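Trainee: To start, I am sharing the structure in question, which I have written as structure tokens.
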Ligand SMILES: *Cc1c(COP(=O)(O)O)cnc(C)c1O
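In the working numbering, the protein residues as written are 83 to 482.
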């Protein structure tokens with residue numbers, strides 16, 4: 083009867099069972115030291131995650147959303163600025179932009195990679211902006227605001243084309259902040275530097291989320307910023323801790339945005355396994371490619387651009403009749419998701435931005451066709467065969 087057993091979308095239990103002894107021991111140590119916020123556990127994790135991302139600094143914060151917000155603020159994004167990002171992402175990206183006092187302006191994504199299309203950024207800056215003679219900075223015609231930063235999102239664990247984005251950003255004096263919340267350990271081949279680099283080291287700073295379902299997840303809320311910029315690291319340390327570098331000496335008004343010591347301890351324990359878990363995700367992705375190999379034009383498998391080594395936070399296929407496919411898979415006991423069904427520019431929350439249907443055709447067309455299939459390191463080949471054959475059954479029946 084294993085045949086009819088449910089296939090979960092995500093298995094968050096197995097990794098915790100495997101690490102239970104270690105995690106409980108760490109928790110006991112925390113209880114006995116009663117050091118719950120900041121302290122050696124947080125510093126230890128920050129050191130290790132910085133090293134994992136091949137950067138000098140990591141600043142632990144309370145969520146990925148805060149990580150994006152603090153990175154933007156520390157990079158000098160000001161109230162009244164405009165920040166360029168994509169409509170095909172989780173709303174946290176744009177919430178953080180708004181919380182930093184800026185307004186998000188969208189550019190469309192690449193049809194295959196689903197990440198920010200550098201040519202669309204170039205077009206936006208050349209055609210939809212004027213140059214401020216005094217500052218040399220672009221000013222958006224639509225909002226009248228100066229554009230100060232770009233936030234590419236490494237969606238599904240696949241990095242954006244960062245060389246091209248960095249090159250355009252340099253030309254227009256924009257700061258690049260990576261949203262790496264889905265891309266812990268992903269790599270990018272920089273032709274400019276002729277080397278592979280880690281997500282988190284590809285812009286001025288990067289934001290990570292350790293929400294439980296991410297490739298590296300806490301047992302609660304957590305996030306981090308990575309950067310090589312010492313001044314930015316200092317500013318973010320202040321912002322996360324009520325604007326103080328020394329207790330009760332507040333240089334600015336900050337936030338309560340720190341990383342818990344227990345979460346840091348959990349993350350430290352799990353970080354030791356992240357490279358292995360990512361490798362297993364890549365194996366799962368390769369096996370999906372094999373079990374789907376009978377091929378069908380009705381199903382588009384994920385594309386991995388030559389510039390990236392993706393870490394498959396999600397495994398997203400594209401097909402017509404997506405909603406019927408999901409119901410069929412649910413009947414077959416297979417859980418799926420949609421990341422994300424409504425592009426941000428069409429969300430009710432962003433009515434005020436003045437976008438409409440047709441503004442970002444690539445994002446809009448994929449939003450109707452994407453389905454996220456089960457993906458986690460311990461997904462096995464039998465389960466994957468069941469998923470693939472259910473999908474193929476559905477599409478071949480739907481074609482007739
Ligand atoms: C998860 C996620 C975030 C936000 O992270 P939280 O820790 O939930 O605040 C931001 N951006 C993207 C692309 C994400 O997937």
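For every residue, glycine included, the Cβ atom is placed at its ideal position computed from N, Cα and C. Computed from a predicted structure; not experimentally measured.
Considering residue 429, what are the terminal residues of the alpha helix (DSSP H) in which it resides?
Mentor: Along the chain shown, read from residue 1 onward, the residue named residue 429 stands at position 347. Segment: none, residue 429 is in no alpha helix (DSSP H) and carries neither H nor E.
Trainee: Mark residue 433 as exposed unless 16 or more other C-beta atoms lie within 10 angstroms of its C-beta, in which case mark it buried.
Mentor: Mapped onto the chain shown, residue 433 falls at position 351. Residue 433 is exposed by the Cβ-count criterion.
Trainee: Report yes if the C-beta distance between residue 32 and residue 309 is below 8 angstroms; otherwise report no.
Mentor: The question about residue 32 has no answer here: the residues shown for the chain are numbered 83 through 482.
Trainee: Grab me the residues of residue 182's own chain with a C-beta within less than 6 angstroms of its C-beta, minus the 5 sequence neighbours each way, in chain order.
Mentor: One-based indexing of the chain shown puts residue 182 at position 100. Correct list, in chain order: 151, 154, 155, 159.
Trainee: Quick check on residue 279: does DSSP put it in helix, strand or coil?
Mentor: Taking the chain shown and counting its residues from 1, one reaches residue 279 at position 197. In the structure shown, residue 279 sits in a strand (DSSP, three-state: E or B).
Trainee: Beta-carbon within less than 7 angstroms of residue 451's beta-carbon, same chain only, minus the 5 sequence neighbours each way: which residues are those?
Mentor: Residue 451 sits at position 369 when you count from the first residue of the chain shown. The answer, listed in chain order, is 400, 401, 402, 404.
Trainee: Given a cut-off of 8 angstroms on the beta-carbon distance, is the pair residue 395 and residue 296 in contact?
Mentor: By one-based count along the chain shown, residue 395 stands at place 313. By one-based count along the chain shown, residue 296 stands at place 214. For residue 395 and residue 296, yes; Cβs fall inside 8 angstroms.
Trainee: Which residue from 454, 427, 431 puts its Cα closest to that of residue 442?
Mentor: Looking up residue 442 in the chain shown gives position 360. Comparing Cα positions, the closest option is 427.
Trainee: Note down, in chain order, each residue of its chain lying with its Cβ closer than 6 angstroms to the Cβ of residue 254, except the 5 sequence neighbours on either side.
Mentor: As a working note, residue 254 is residue 172 in the chain shown. Within the same chain, residue 254 has close Cβ partners 207, 220.
Trainee: With distances taken between CB atoms, is the gap from residue 321 to residue 299 smaller than 8 angstroms?
Mentor: Mapped onto the chain shown, residue 321 falls at position 239. Mapped onto the chain shown, residue 299 falls at position 217. Not a contact, by the Cβ cut-off of 8 angstroms.
Trainee: Could you tell me which whole alpha helix (DSSP H) segments of length 4 or greater appear in the stretch 212-273?
Mentor: Runs found: 244-253.
Trainee: Can you tell me where the alpha helix (DSSP H) holding residue 110 begins and where it ends?
Mentor: Within the chain shown, residue 110 is the residue found at index 28, counting from 1. Here the alpha helix (DSSP H) through residue 110 covers 102-115.
Trainee: Using 7 angstroms as the cut-off, classify the Cβ of residue 226 as near or not near the heavy atoms of ligand 2, replying yes or no.
Mentor: The model on display carries ligand 1 but not ligand 2.
Trainee: Kindly examine ligand 1 and report whether one of its heavy atoms sits closer than 7 angstroms to the Cβ of residue 301.
Mentor: Locating residue 301 in the chain shown gives position 219, counting from the first residue. No; taking the cut-off as 7 angstroms, the Cβ of residue 301 has no heavy atom of ligand 1 nearer than that.
Trainee: Once the 5 residues before and after residue 93 are set aside, which same chain residues still bring their CB inside 7 angstroms of it?
Mentor: On the chain shown, position 11 is the one that residue 93 refers to. Correct list, in chain order: 458, 460.
Trainee: What are the boundary residues of the beta strand (DSSP E) that includes residue 455?
Mentor: What you label residue 455 is simply residue 373 of the chain shown in a count that begins at 1. Per DSSP, residue 455 belongs to the beta strand (DSSP E) from 452-455.
Trainee: I need the straight-line Cα distance from residue 368 to residue 386, nearest angstrom please.
Mentor: Residue mapping note: residue 368 aligns to position 286 of the chain shown, counting from 1. Residue mapping note: residue 386 aligns to position 304 of the chain shown, counting from 1. Approximately 11 angstroms between the Cα atoms of the pair.
Trainee: Do the stretch 345-357 and the stretch 89-108 touch if we need at least three Cβ pairs shorter than 8 angstroms?
Mentor: The stretch 345-357 is in contact with the stretch 89-108.
Trainee: Which of helix, strand or coil does DSSP assign to residue 368?
Mentor: Counting from one through the chain shown, the residue named residue 368 turns up at place 286. In this structure, residue 368 counts as helix in the three-state DSSP scheme.
Trainee: Does the stretch 257-270 come into contact with the stretch 372-382, if we say contact requires no fewer than three beta-carbon pairs (one atom in each stretch) closer than 8 angstroms?
Mentor: No contact exists between the stretch 257-270 and the stretch 372-382.
Trainee: Ligand 1 and residue 351: does any heavy atom of the ligand fall closer than 7 angstroms to the residue's C-beta?
Mentor: The count along the chain shown starts at 1 and reaches residue 351 at position 269. No, ligand 1 has no heavy atom inside 7 angstroms of this Cβ.
Trainee: Return yes when the C-beta of residue 257 is under 7 angstroms from any heavy atom of ligand 1, and no when it is not.
Mentor: Numbered from 1 along the chain shown, position 175 holds the residue referred to as residue 257. No, the beta carbon of residue 257 sits no closer than 7 angstroms to any heavy atom of ligand 1.
Trainee: Quick one: Cα of residue 473 to Cα of residue 88, how far?
Mentor: Start at 1 with the first residue of the chain shown, and residue 473 comes out as number 391. Start at 1 with the first residue of the chain shown, and residue 88 comes out as number 6. Looking at the two C-alpha atoms, the distance is approximately 15 angstroms.
Trainee: Threshold first: 4 residues or longer. Then list the alpha helix (DSSP H) segments lying entirely within the stretch 133-190, N to C.
Mentor: You should have 146-156, 174-181.
Trainee: Taking the alpha carbon of residue 336 as the reference point, which residue from 346, 196, 325 has its own alpha carbon closest?
Mentor: By 1-based counting over the chain shown, the position of residue 336 is 254. Out of 346, 196, 325, 325 has the C-alpha closest to the C-alpha of residue 336.
Trainee: May I ask you to report which of helix, strand or coil DSSP gives residue 305?
Mentor: Counting from one through the chain shown, the residue named residue 305 turns up at place 223. Note: residue 305 maps to strand in three-state DSSP.
Trainee: Any heavy atom of ligand 1 closer than 7 angstroms to the beta-carbon of residue 293?
Mentor: Your numbering for residue 293 matches position 211 in the chain shown. Correct: residue 293 has its Cβ closer than 7 angstroms to ligand 1.
Trainee: Going by DSSP in three states, residue 87 sits in which element: helix, strand or coil?
Mentor: If you number the chain shown from 1, residue 87 lands on position 5. Reduced to three states, the DSSP call for residue 87 is coil.
Trainee: So, helix, strand or coil for residue 120, using DSSP?
Mentor: For this step, residue 120 is matched to residue 38 along the chain shown. DSSP places residue 120 in coil when its eight states are reduced to three.
Trainee: Compare the beta carbon distance of residue 142 and residue 356 with 8 angstroms and say whether it is the shorter of the two.
Mentor: As a first step, residue 142 must be located in the chain shown, where it is residue number 60. As a first step, residue 356 must be located in the chain shown, where it is residue number 274. Result no, Cβ atoms of residue 142 and residue 356 do not sit closer than 8 angstroms.
Trainee: Would you mind giving the Cβ-Cβ distance between residue 421 and residue 454, rounded to the nearest angstrom? I have them listed as a contact below 8 angstroms.
Mentor: Reading the chain shown from its first residue, position 339 is the one you call residue 421. Reading the chain shown from its first residue, position 372 is the one you call residue 454. Contact flag correct, Cβ pair sits at about 5 angstroms.
Trainee: What residue from 197, 170, 132 has the CA that sits closest to residue 290's CA?
Mentor: On the chain shown, residue 290 is found 208 positions in, with the first residue counted as 1. It is 132 whose Cα lies nearest to the Cα of residue 290.
Trainee: Helix, strand or coil for residue 410? Go by DSSP, reduced to three states.
Mentor: To locate residue 410, count along the chain shown from 1; it is residue 328. Helix, per DSSP.
Trainee: Using only CA atoms, which one of 267, 414, 190, 429 lies nearest to residue 233?
Mentor: For the purposes of this step, residue 233 is identified with residue 151 of the chain shown, where counting begins at 1. If we check each option's Cα against that of residue 233, 190 comes out closest.
Trainee: Just to confirm, does residue 171 get its C-beta within under 7 angstroms of one of the non-hydrogen atoms of ligand 1?
Mentor: Within the chain shown, the letter at position 89 stands for residue 171. Yes, Cβ of residue 171 sits closer than 7 angstroms to a heavy atom of ligand 1.
Trainee: For the beta strand (DSSP E) containing residue 394, list its first residue and its last residue.
Mentor: Residue mapping note: residue 394 aligns to position 312 of the chain shown, counting from 1. Looking at the DSSP string, residue 394 is not in any beta strand (DSSP E), and its letter there is neither H nor E.
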